[in-house]
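To start, the structure under review is shown below, and the notes come after it.
Protein chains: 2
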Amino acid sequence: MHSDDQQSHDQQSHDQRIQDQETANAPARRATLATVAKLSGYHVSTVSRVLNGSAVPGVRSASAATAEHIRQVAREVGYVPNAQAAALRRQRTRLLGVVMARMADTVLATIYEGIERAAAGYGFQTLVTNSWDDPVTRRECVDVLLSHGVDAMILGDSPVDGGSLDVLTEHGLPFVLVNRRAADHPAITCDDYAGGRMAAEHLLELGHRRAAVLAGLPYASNALERTQGFLDVYREAGHRIPRGRIVRTTFDTAGGRMGAERLLRARSTPTAIFAVNDAAAIGVLGCLRDHRIEPGRELSVVGFNDIPLAAELTVPLTSVRSPMQTIGEQSVHTLMRLMGGEPVQSTLLRPTLVARASSAPR
Amino acid sequence: MHSDDQQSHDQQSHDQRIQDQETANAPARRATLATVAKLSGYHVSTVSRVLNGSAVPGVRSASAATAEHIRQVAREVGYVPNAQAAALRRQRTRLLGVVMARMADTVLATIYEGIERAAAGYGFQTLVTNSWDDPVTRRECVDVLLSHGVDAMILGDSPVDGGSLDVLTEHGLPFVLVNRRAADHPAITCDDYAGGRMAAEHLLELGHRRAAVLAGLPYASNALERTQGFLDVYREAGHRIPRGRIVRTTFDTAGGRMGAERLLRARSTPTAIFAVNDAAAIGVLGCLRDHRIEPGRELSVVGFNDIPLAAELTVPLTSVRSPMQTIGEQSVHTLMRLMGGEPVQSTLLRPTLVARASSAPR
DNA sequence: TTGTAGGCGTTATCAA
DNA sequence: TTGATAACGCCTACAA
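Protein sequence lines correspond, in order, to chains A and B. Just so we're aligned: the first sequence equals residues 1 to 362 in the UniProt record's numbering. Just so we're aligned: the second sequence equals residues 1 to 362 in the UniProt record's numbering.
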């Protein structure tokens with residue numbers, strides 16, 4: 001990769017370097033409850049109640065003066081609670097495991113932002129792993145998260161067959177799927193089937209009879225359902241889309257480009273292309289540019305998710321907008337209910353079509 | 001937000017729901033070393049040595065048969081080591097804290113992917129938080145990570161003045177900066193100053209004398225240095241860029257769009273715009289489209305980072321490529337050396353200019 | 001090679 | 001309201 005195109009500059013003073021060494025060799029021991037107890041003259045248990053005690057509003061278990069004094073001392077010595085110890089004792093870590101296919105996908109990153117934000121609201125921290133959509137790595141991710149004792153998991157990369165979900169049910173660990181669904185596990189997703197239909201209806205209204213689909217990867221429910229919704233509308237309208245115009249692609253721009261190349265090489269080319277995600281759609285646009293085909297005028301393109309970039313393209317991209325942030329947030333709320341023992345249901349969030357210049361009447 | 005445009009479908013069977021409730025109410029206790037010990041007939045310490053023992057290659061501390069038996073039992077009961085307990089005992093969590101401004105920024109997400117990948121290679125897991133570039137949130141992020149006992153931190157959002165770094169040095173916690181530098185803390189970044197110069201040299205060669213800069217936010221070293229490099233080249237060439245043509249912007253497309261609007265409203269407009277990151281540059285392209293200005297032909301645009309999308313745009317974006325993945329990976333390697341007590345230096349990774357159609361001779 | 005014991009920092013329970 | 005104590009699961013020095 002780029003690993004050889006690098007320079008190293010020594011930008012630290014000698015003292016700095018020495019200090020680094022010392023800190024590494026003598027890692028400062030953090031102040032503990034015992035430290036605070038000794039300094040404040042109270043017993044550890046009292047200090048614990050004041051500093052980390054279960055925050056039941058009405059019930060105080062130390063006099064105001066005592067509490068204030070203890071808090072003061074804690075602040076002075078820079079006391080930070082040790083989550084490991086607390087977790088060991090309480091049997092819960094307040095950690096949420098998150099498995100995503102890959103973070104550099106804007107859609108997944110945005111869902112993740114929703115998750116993080118909502119989780120913070122419940123006092124939960126997230127532990128994230130990238131599975132790269134690889135079964136083996138996925139399994140390792142789950143194991144790592146388990147061993148770190150996450151209280152629950154949010155899985156954003158489940159293949160339709162469920163993948164490694166049995167491990168979780170075995171362990172009795174609560175989990176929620178996002179972005180993709182699998183079996184009847186609780187999942188928070190966009191209503192992908194409806195979204196696929198919207199895209200098709202839009203293109204049909206514009207008069208496109210010969211449409212093609214960049215269908216993504218076949219183990220992702222969202223890709224499958226978007227594709228299915230799209231195909232169904234065309235079939236219902238009597239314009240069945242032949243197999244050759246349905247192309248499997250990866251979800252990145254490179255995938256979209258390759259898929260489009262393939263479609264354009266065929267004998268009869270489509271007048272419209274529906275890509276199941278925006279990154280692929282942008283790859284299509286790149287390919288069209290190379291072939292000097294003007295998007296919108298000569299060939300319509302529709303994407304999915306409506307990432308912020310879509311609106312800014314030179315030919316703005318028509319896209320089915322999915323509420324990515326909300327999917328993330330909602331998944332946390334659902335998970336909290338699940339952890340609380342409440343029954344939960346899967347949720348489908350409604351998408352909306354945003355028509356722009358990349359799709360136009362035939 | 002979108003929170004009301006949602007539908008709920010009950011997609012679970014009755015049985016499923018009941019099962020959920022049960023698992024929530026009676027969270028299955030994980031198998032521990034003791035469990036395995038009892039079942040295998042060996043003592044906990046032996047089991048521990050076999051399963052989680054320090055992996056010194058040559059030194060085995062159990063007979064092959066014993067080890068195999070123990071491992072077998074462990075597999076059967078689904079033993080997963082309790083990282084909390086191990087951490088408490090060992091005083092190290094094998095957790096790496098990562099603070100980023102925001103994950104939905106492709107650049108940061110890509111750096112993060114590099115971090116995760118390299119960390120996994122060392123057996124470390126990452127704990128990520130978004131600081132949203134807000135000082136208060138940033139401080140909270142650091143505290144949360146500290147309380148979760150991370151062994152070290154990677155900070156991707158440090159303001160030039162260092163921000164909350166003093167807390168870390170106080171705690172003696174090893175850390176490395178990525179993406180942005182601050183004071184003389186060890187940092188792995190792109191050579192932003194050089195990159196800024198490259199952009200300027202490119203535009204000057206094309207004959208652009210009236211250039212403008214979308215300078216990003218003033219507390220980010222990368223934005224500052226890219227801008228400075230750019231300005232220096234123009235100054236050295238005798239074409240000083242006036243204050244009015246240097247616009248502060250956020251790092252997203254919206255920021256780029258607003259910045260460009262402002263530049264185009266001025267009396268004398270630039271013939272070229274350098275945006276300190278690609279997202280902003282794409283915002284510029286969107287703005288130009290609205291004003292029916294053709295990028296490249298009428299006004300040149302140069303971005304920074306060369307995210308994968310840049311090459312696929314209808315008018316491909318000229319950009320200074322930074323080795324994002326490598327920055328992430330390198331930061332972990334550096335951190336490991338730091339934790340090992342070795343002296344470390346900051347590293348500047350060299351960028352390269354990728355010229356495309358968005359910049360053309362004047 | 002295997003067993004024993006003690007403690008990492010916190011919290012829940014019980015007693016004062 | 002406060003104090004004492006035990007235990008969460010694991011690791012490691014030491015003894016056998």
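Ideal Cβ positions, reconstructed from N, Cα and C, are used throughout, including at glycine. Predicted model, so just to flag it, every value in this text is computed and none were measured.
{"Check": "Rounded separation between L285 (chain B) and L313 (chain A) - CA only", "Outcome": "7 angstroms"}
{"Check": "Distance, Q91 (chain B) Cα to S158 (chain B) Cα", "Outcome": "27 angstroms"}
{"Check": "Buried or exposed by the 16-neighbour rule on C-beta atoms within 10 Å, applied to V136 (chain A)", "Outcome": "exposed"}
{"Check": "Straight-line Cα distance separating L263 (chain B) from G207 (chain B)", "Outcome": "19 angstroms"}
{"Check": "Inter-residue Cα distance where the pair is A223 (chain A) and S319 (chain B)", "Outcome": "32 angstroms"}
{"Check": "Three-state secondary structure assigned by DSSP to S169 (chain B)", "Outcome": "A small fix is needed here, since residue 169 (chain B) is Thr in this sequence, not Ser. Helix."}
{"Check": "Minimum Cβ-Cβ distance from G328 (chain B) to chain A less than 7 angstroms", "Outcome": "no"}
{"Check": "Opening and closing residue of the beta strand (DSSP E) in which R321 (chain B) lies", "Outcome": "318-321"}
{"Check": "Neighbour flag for Y112 (chain B) against chain A, beta carbons, 7 angstroms", "Outcome": "yes"}
{"Check": "In DSSP terms, what C190 (chain A) is bridged to", "Outcome": "A:L349"}
{"Check": "Under 7 angstroms from the C-beta of A199 (chain B): neighbouring residues of chain A", "Outcome": "Neighbours of A199 (chain B) on chain A: none; closest Cβ ~17 angstroms, over 7 angstroms."}
{"Check": "Residue-chain proximity (residue 367 (chain B), chain A), Cβ-Cβ < 7 angstroms", "Outcome": "Absent from the structure is residue 367 (chain B), since the part of chain B shown begins at 1 and ends at 362."}
{"Check": "Sufficient close CB pairs (3 or more, under 8 angstroms) joining the stretch 242-249 of chain B to the stretch 209-219 of chain B", "Outcome": "yes"}
{"Check": "The stretch 147-154 of chain B contacting the stretch 87-101 of chain B, beta-carbon criterion three pairs below 8 angstroms", "Outcome": "yes"}
{"Check": "Interface partners of residue 363 (chain B) on chain A, CB under 9 angstroms", "Outcome": "Since the first residue shown for chain B is 1 and the last is 362, residue 363 (chain B) is missing from the structure and cannot be characterised."}
{"Check": "Three CB pairs or more closer than 8 angstroms across the stretch 157-173 of chain A and the stretch 179-192 of chain B", "Outcome": "no"}
{"Check": "Whole alpha helix (DSSP H) elements within the UniProt domain \"HTH lacI-type\" (31-90) of chain A, 4-residue minimum", "Outcome": "33-40, 44-52, 64-77, 83-90"}
{"Check": "Sequence ranges, beta strand (DSSP E) only - wholly within the stretch 240-299 of chain A, length at least 3", "Outcome": "272-275"}
{"Check": "Own chain partners of S300 (chain A) with C-beta closer than 8 angstroms, once the 5 adjacent residues on each side are dropped", "Outcome": "L203, L206, H208, T271, A272, I273, T318, S358, S359, A360, R362"}
{"Check": "Within chain A, the residues that N82 (chain B) reaches when beta carbons sit closer than 8 angstroms", "Outcome": "L88, S147, G149"}
{"Check": "CA-to-CA distance, A120 (chain B) to S63 (chain B), given in whole angstroms", "Outcome": "30 angstroms"}
{"Check": "For I307 (chain A), three-class secondary structure by DSSP", "Outcome": "coil"}
{"Check": "Residues near S221 (chain B) in its chain [Cβ-Cβ closer than 6 angstroms; skip 5 each side]", "Outcome": "V160, R180, R181"}
{"Check": "Distance between M100 (chain B) and N305 (chain B) (C-alpha atoms, nearest Å)", "Outcome": "17 angstroms"}
{"Check": "Range covered by the beta strand (DSSP E) that runs through N130 (chain A)", "Outcome": "125-130"}
{"Check": "The beta strand (DSSP E) enclosing M100 (chain B), as first and last residue numbers", "Outcome": "95-100"}
{"Check": "Backbone secondary structure at V344 (chain A) - three-state DSSP", "Outcome": "coil"}
{"Check": "Per-residue DSSP class, three states only, for M339 (chain A)", "Outcome": "helix"}
{"Check": "Nearest neighbour of F124 (chain B), chosen from B:I154, B:V144, B:L108 [CA to CA]", "Outcome": "B:I154"}
{"Check": "Local Cβ density within 10 Å of Y122 (chain A), reported as buried at 16 or more and exposed below that", "Outcome": "exposed"}
{"Check": "Outcome for H43 (chain A) when other beta-carbon atoms lying within 10 angstroms are tallied against a minimum of 16", "Outcome": "exposed"}
{"Check": "Chain-ordered neighbours of N130 (chain A) on chain B, where CB pairs are closer than 7 angstroms", "Outcome": "E113, E116"}
{"Check": "DSSP-derived helix/strand/coil call for A183 (chain B)", "Outcome": "coil"}
{"Check": "CA-to-CA distance, T352 (chain A) to M198 (chain A), given in whole angstroms", "Outcome": "8 angstroms"}
{"Check": "Cβ-Cβ distance between E329 (chain A) and G156 (chain A) below 7 angstroms", "Outcome": "no"}
{"Check": "Cα-Cα separation between E22 (chain B) and R337 (chain A), rounded to whole angstroms", "Outcome": "Low confidence applies to E22 (chain B): its pLDDT is 36, below 50, so where it sits in the model is not reliable, and the reading given next is rough at best. Looking at the two C-alpha atoms, the distance is approximately 13 angstroms."}
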